[in-house]
Amino acid sequence: SGERGGNLMLTAGLDKTLRFFKVDGKANKKVQGIHFPDLPITSANFLGDSGNVIVTGHRKFFYIYDAVAGKVEKIPQILGTPPGSCNTLQTCVVSPDGKHICITGK
Numbered sequence: 372s373g374e375r376g377g378n379l380m381l382t383a384g385l386d387k388t389l390r391f392f393k394v395d396g397k398a399n400k401k402v403q404g405i406h407f408p409d410l411p412i413t414s415a416n417f418l419g420d421s422g423n424v425i426v427t428g429h430r431k432f433f434y435i436y437d438a439v440a441g442k443v444e445k446i447p448q449i450l451g452t453p454p455g456s457c458n459t460l461q462t463c464v465v466s467p468d469g470k471h472i473c474i475t476g477k
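Counting from 1 along the sequence shown, just add 371 to a position and that's the residue number in our numbering.
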């Protein structure tokens, strides 16, 4: 989970759904939910203040979700990794400015 842009929070899980909530301290209403049918999500993070979210899980691919445009882009693998060297991208951490991404996997 993470928080950017003041009062927007995201959650994600093995149910393959990324959810956004507007946090106001009272109702904390769900704003949007995006289902990724082929990705049980283990990590999701805002990419700085870009409006993009990186979504990873127990697969060799990951997604970038553009929350502003509502577009999903599937990234088939991390560039520069030999085929078969990374079959699951379990955890993702993003620097506060969104310029650096660290992904761990097997």
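Just so it is clear, CB atoms sit at the ideal spot from N, CA and C, and this is done for glycine as well.
- Counting along the chain, the unbroken beta strand (DSSP E) around H406 starts and ends at 401-406.
- Within its own chain, the residues whose Cβ lies closer than 8 Å to the Cβ of D395, once the five positions on either side in sequence are excluded, are N378, listed in chain order.
- The alpha carbon of P447 has as its nearest neighbour, out of R430, Y436, G441, A438, the alpha carbon of R430.
- Sequence-distant partners of G469 (beyond 5 residues in either direction) whose C-beta falls short of 6 Å from its own C-beta, in its chain, are L418, G419, S421.
- Closest by C-alpha distance to I449, out of K397, F433, V402, I405, is F433.
- Judged by DSSP in its simplified three-state form, L379 adopts strand.
- According to DSSP, V464 shares a beta bridge with C473.
- Beta-bridge pairing by DSSP links F392 to M380, K401.
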